[in-house]
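J.: Okay, handing you the structure first.
2 protein chains.
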Amino acid sequence: MLTIGQLAAYAGVTVRAVRHYHQIGLLPEPERDASGYRRYGAAAVVSLIKIRTLANAGVPLSQIGLMLEADASTFAEAVQRIDSHLRGEIERLETSRKQIAQLAAGDSLALPPEVIFYLDRLREIGASERMVEGERDGWILVAARWPDHIRDVMPWKLAQLDDPQVVRLYRVLSELLESELLESDAGDDPRVEEAVDIMVGMAEQAYTSGEMDRGEVVRDDLAFDLLDALTVESDPRAERLLDMLRERGWSRWTRLAEPTD
Amino acid sequence: MLTIGQLAAYAGVTVRAVRHYHQIGLLPEPERDASGYRRYGAAAVVSLIKIRTLANAGVPLSQIGLMLEADASTFAEAVQRIDSHLRGEIERLETSRKQIAQLAAGDSLALPPEVIFYLDRLREIGASERMVEGERDGWILVAARWPDHIRDVMPWKLAQLDDPQVVRLYRVLSELLESELLESDAGDDPRVEEAVDIMVGMAEQAYTSGEMDRGEVVRDDLAFDLLDALTVESDPRAERLLDMLRERGWSRWTRLAEPTD
DNA sequence: ACTTGACCTTGACGCTGCGTCAACCCTCCA
DNA sequence: TGGAGGGTTGACGCAGCGTCAAGGTCAAGT
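Residue numbers (the numbering used here), protein chains in the order written: chain A, 1 to 261; chain B, 262 to 522.
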């Protein structure tokens, strides 16, 4: 007659595991000796080894009981289920590995390579690091909202950076972002006016060239509000800038849509 | 300002998940409105998307916080750790799949193919199903105790089955196992005597031929006791048979070792 | 004004397979 | 006879939420 420790050692499992199998009714509780110790016979050893064999093969404990008393066809059926479940798990982990490999490769968090490239170009034309981070967060919102669409827009955005006006815009915005201007004085800075001028120009150009018609992107989308909000949250002084844009007939910042009549 | 449901929908997660991230301090609790509802800004959306991106890549939630504020090299380091962990998980599941494939293939539970073949041969020579199951359980014990050794023994056991005496033995034992003999009468059955005769013969043969010296198997091993015990547990009448063997100078049933003392 | 249905709140248990205390009893050996 | 090394039950902890329960709130329709 074996104690629980001897049983566990023979089957190569922990004592705690054996007790757990008792708890869930997978292994029947054996007789106790005079002092309350569990005493096991050889059949228990065989049962325990069978249980571990199935468990090591990835069978959930909850199904092992049924499998041990199943006939051949039921058993085969269960094996099929387990195996396809295992395949699913493996596939999930494989995709996780691909994801994480991309994370390691890219600049940062799961933006498509086109956007990463765009952000690098921004740095090259003199945008400050904070400016680039703000842009990045904006693109994260865009990528989450239109994951399939975003790649179509990037060539156009990239081409914009060849325009000296746009380069100037990002530099001015970067300077303003780094500066310690008080919010109350922000409206007086001539650079703010300049930025607004350029943005209005860009908006008009995009509007007349029909670029804004591209795609099925609906104009009043939560995403646009979020982009505006994100801008203001990252620097409250941007509120003034948005106001000035609105005064000039352009309702949104990142959106640059048609005038709100 | 977004409610928790809108936030969750935008990021493609459940409300419960967002609350969980609050609980574990991964996502900071936002301000509440007059009625106690959480109200989120755009920055929260970005944070949540970043969190989900890492989580989908297999990063444990407990590490996401650190990773989001890590510099490039620390980040890469963490990515390495995660990836190797994922590789480990995948490997474990792959081995599980192999195991379960073997389970589906083999007769039954995780015995090496040699043993499966031996059991099939037993059936062929006329051993009853219960007899075969008893043998199988015995071999499970043996395989657990000497996993590397078992393959060496099987050819010898297989060869034994070519001996008409051994075939006779298994048939007699099968008959006895199926019969409804009372325990008290078991000793009187001439077939029991016959079985004991054959077994003693086999033991002497194995002893003189030196077959019992094979390997490093120690004679007084828990496994031998378990084999005896298993036999008696599966049919208490076997106790009588073991006694008769002992009277003839052979101490063990499955062991067939040299006479005690 | 009232109802309805969808959404919000906190709190708590459930799942998987045990690991790991805690607090106490039993056995065996020097 | 004392201490080491077994055994006993009970309970919490782990990861990442799902899923009630038992309400309070909001927006819209009647």
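Beta carbons are placed, not taken as given, at the ideal position from N, Cα and C, and that holds for glycine.
What separation, rounded to the nearest whole angstrom, lies between the Cα atoms of residue 502 (chain B) and residue 52 (chain A)?
T.: In the second sequence, the residue the question calls residue 502 (chain B) occupies position 241. In the first sequence, the residue the question calls residue 52 (chain A) occupies position 52. Approximately 32 angstroms between the Cα atoms of the pair.
J.: Quick check on the DSSP output: what are the complete alpha helix (DSSP H) runs of length 4 or more inside the region 405 to 455 of chain B, in order along the chain?
T.: Here the runs fully enclosed are 411 to 421, 425 to 439.
J.: Measuring only the C-alpha atoms, how far is residue 35 (chain A) from residue 3 (chain A)?
T.: Along the first sequence, one-based indexing puts residue 35 (chain A) at 35. Along the first sequence, one-based indexing puts residue 3 (chain A) at 3. About 12 angstroms.
J.: Would you list, in chain order, the members of the region 478 to 497 of chain B that have their beta-carbon closer than 9 angstroms to a beta-carbon of chain A?
T.: Against chain A - using a Cβ distance shorter than 9 angstroms - the residues of the region 478 to 497 of chain B are 483, 484, 486, 487, 488, 489, 490, 491, 492, 493, 494, 495.
J.: Excluding sequence positions up to five away, which residues of its chain have a Cβ less than 8 angstroms from the Cβ of residue 259 (chain A)?
T.: The count along the first sequence starts at 1 and reaches residue 259 (chain A) at position 259. For residue 259 (chain A), the predicted model reports a pLDDT of 38, less than 50, meaning its position is unreliable; a value from the coordinates is still stated below. Closer than 8 angstroms at Cβ, skipping near neighbours: 249, 250, 251.
J.: Drop a sphere of 10 angstroms on the beta-carbon of residue 40 (chain A), count the other beta-carbons inside from all chains shown, and report buried for 16 or more, exposed for fewer.
T.: For the purposes of this step, residue 40 (chain A) is taken as residue 40 along the first sequence, with counting starting at 1. The residue in question, residue 40 (chain A), is buried, as its Cβ has 16 or more Cβ neighbours within 10 Å.
J.: Between the Cα of residue 415 (chain B) and those of B:380, B:348, B:304, spot the shortest distance and give me the residue it belongs to.
T.: Translated into the one-based positions of the second sequence, residue 415 (chain B) becomes position 154. When only C-alpha atoms are compared, the closest one is B:380.
J.: So residue 207 (chain A) contacts chain B; which residues on that side make the cut at Cβ distance below 8 angstroms?
T.: As a position in the first sequence, residue 207 (chain A) is number 207, starting the count at 1. In chain order: nothing, as chain B lies at least about 25 angstroms away.
J.: Between B:461, B:439, B:331, which lies nearest to residue 523 (chain B) when the distance is taken from Cα to Cα?
T.: No information on residue 523 (chain B) is available, as it lies outside the stretch 262 to 522 that chain B covers here.
J.: Quick check on the DSSP output: the alpha helix (DSSP H) that includes residue 5 (chain A) runs from which residue to which?
T.: As a working note, residue 5 (chain A) is residue 5 in the first sequence. Its alpha helix (DSSP H) spans residues 4 to 11.
J.: Once DSSP output is grouped into helix, strand and coil, what is the label at residue 37 (chain A)?
T.: Numbered from 1 along the first sequence, position 37 holds the residue referred to as residue 37 (chain A). Three-state DSSP puts residue 37 (chain A) in coil, outside helix and strand.
J.: For residue 315 (chain B), which of A:32, A:43, A:96 has the nearest alpha-carbon?
T.: Walking along the second sequence from the start, residue 315 (chain B) turns up at place 54. Ranking the options by Cα distance to residue 315 (chain B), first place goes to A:96.
J.: In the region 321 to 346 of chain B, which residues sit with their C-beta less than 7 angstroms from some C-beta in chain A, listed in chain order?
T.: So the list reads 337, 340, 343, 344, given in the order they occur along the chain.
J.: Tell me the rounded alpha-carbon separation between residue 405 (chain B) and residue 482 (chain B).
T.: Position 144 of the second sequence, counting from 1, holds the residue named residue 405 (chain B). Position 221 of the second sequence, counting from 1, holds the residue named residue 482 (chain B). The straight-line gap from Cα to Cα measures roughly 13 angstroms.
J.: Quick one: any contact between the region 65 to 76 of chain A and the region 334 to 347 of chain B, if contact means 3 or more CB pairs under 8 angstroms?
T.: Touching, no.
J.: If we call anything under 9 angstroms between Cβ atoms a contact, is residue 101 (chain A) one with residue 491 (chain B)?
T.: In the first sequence, counting from the first residue as 1, residue 101 (chain A) sits at position 101. In the second sequence, counting from the first residue as 1, residue 491 (chain B) sits at position 230. No, they are not a contact pair.
J.: Mapping DSSP to helix, strand and coil, what is residue 121 (chain A)?
T.: For this step, residue 121 (chain A) is matched to residue 121 along the first sequence. Note: residue 121 (chain A) maps to helix in three-state DSSP.
J.: Identify the residues that DSSP records as bridge partners of residue 32 (chain A): which are they?
T.: Looking up residue 32 (chain A) in the first sequence gives position 32. A:38.
J.: Measure the Cβ-Cβ separation of residue 48 (chain A) and residue 8 (chain A) and say whether it is below 9 angstroms.
T.: As a working mapping, residue 48 (chain A) is identified with position 48 in the first sequence. As a working mapping, residue 8 (chain A) is identified with position 8 in the first sequence. Their beta carbons are under 9 angstroms apart, which means residue 48 (chain A) touches residue 8 (chain A) by this criterion.
J.: My assumption, with CB atoms under 8 angstroms, is that residue 138 (chain A) sits in contact with residue 227 (chain A). Please give the rounded CB distance.
T.: Position 138 of the first sequence, counted from the start, is the residue given in the question as residue 138 (chain A). Position 227 of the first sequence, counted from the start, is the residue given in the question as residue 227 (chain A). Rounded, the Cβ-Cβ distance is 6 angstroms, consistent with contact.
J.: Tell me the residue span of the alpha helix (DSSP H) that contains residue 275 (chain B).
T.: Numbered from its first residue, the second sequence carries residue 275 (chain B) at position 14. Taken as a continuous stretch (DSSP letters only), residue 275 (chain B) belongs to no alpha helix (DSSP H), as it is neither H nor E.
J.: With DSSP collapsed to three states, give me the class of residue 330 (chain B).
T.: In the second sequence, residue 330 (chain B) corresponds to position 69, counting from 1. Coil, per DSSP.
J.: Check residue 234 (chain A) in the structure and name its three-state DSSP category.
T.: Sequence index remark: in the first sequence, residue 234 (chain A) carries index 234 (1-based). DSSP places residue 234 (chain A) in helix when its eight states are reduced to three.
J.: Look at the alpha carbon of residue 208 (chain A) and the alpha carbon of residue 98 (chain A), and state the distance between them as a whole number of angstroms.
T.: Sequence index remark: in the first sequence, residue 208 (chain A) carries index 208 (1-based). Sequence index remark: in the first sequence, residue 98 (chain A) carries index 98 (1-based). Near 42 angstroms, if we compare the C-alpha coordinates of residue 98 (chain A) and residue 208 (chain A).
J.: Do you know whose CA, among A:23, A:103, A:122, A:38, lies nearest residue 325 (chain B)'s CA?
T.: Translated into positions along the second sequence, residue 325 (chain B) becomes position 64. Residue 325 (chain B) has its Cα closest to that of A:103, out of A:23, A:103, A:122, A:38.
J.: I want to see whether chain B comes within less than 9 angstroms of residue 140 (chain A), judged by CB atoms only; does it?
T.: Reading the first sequence from its first residue, position 140 is the one you call residue 140 (chain A). It does; some Cβ of chain B falls within 9 angstroms.
J.: So, at 7 angstroms on beta carbons, what are the nonlocal neighbours of residue 319 (chain B) in its own chain, with the 5 sequence-adjacent residues on each side left out?
T.: If you number the second sequence from 1, residue 319 (chain B) lands on position 58. If we look at residue 319 (chain B) and ignore the five residues flanking it on each side, its Cβ neighbours are 343, 347.
J.: Compare the beta carbon distance of residue 459 (chain B) and residue 426 (chain B) with 9 angstroms and say whether it is the shorter of the two.
T.: Translated into positions along the second sequence, residue 459 (chain B) becomes position 198. Translated into positions along the second sequence, residue 426 (chain B) becomes position 165. Yes, the pair counts as a contact, with Cβ atoms nearer than the cut-off.
J.: Using DSSP with H/G/I as helix, E/B as strand and the rest coil, what is residue 392 (chain B)?
T.: Against the second sequence, residue 392 (chain B) aligns to sequence position 131. The answer is helix: DSSP assigns residue 392 (chain B) an H, G or I state.
J.: Indicate whether at least one CB of chain A lies closer than 9 angstroms to the CB of residue 271 (chain B).
T.: Stepping through the second sequence from its first residue, residue 271 (chain B) is reached at position 10. Taking Cβ atoms only, chain A reaches closer than 9 angstroms to residue 271 (chain B), which makes this a yes.
J.: Find out if the Cβ-Cβ distance for the pair residue 50 (chain A), residue 61 (chain A) is shorter than 9 angstroms.
T.: As a working note, residue 50 (chain A) is residue 50 in the first sequence. As a working note, residue 61 (chain A) is residue 61 in the first sequence. No. Outside cutoff.
J.: Which whole-angstrom value describes the C-beta separation of residue 192 (chain A) and residue 176 (chain A), a residue pair presumed to lie in contact below a C-beta threshold of 8 angstroms?
T.: Stepping through the first sequence from its first residue, residue 192 (chain A) is reached at position 192. Stepping through the first sequence from its first residue, residue 176 (chain A) is reached at position 176. Yes, residue 192 (chain A) and residue 176 (chain A) are in contact; Cβ-Cβ is about 7 angstroms, under 8 angstroms.
J.: Relative to chain B, which residues along the region 25 to 52 of chain A have a C-beta separation below 8 angstroms, given in chain order?
T.: Result list: 41, 42, 43, 45, 46, 49, 50.
J.: Would you mind sorting residue 401 (chain B) into buried or exposed? The rule is 16 or more other CB atoms within 10 Å of its CB.
T.: Within the second sequence, residue 401 (chain B) is the residue found at index 140, counting from 1. Flag for residue 401 (chain B) reads buried.
J.: DSSP three-state call for residue 504 (chain B): helix, strand or coil?
T.: Taking the first residue of the second sequence as position 1, residue 504 (chain B) is located at position 243. Note: residue 504 (chain B) maps to helix in three-state DSSP.
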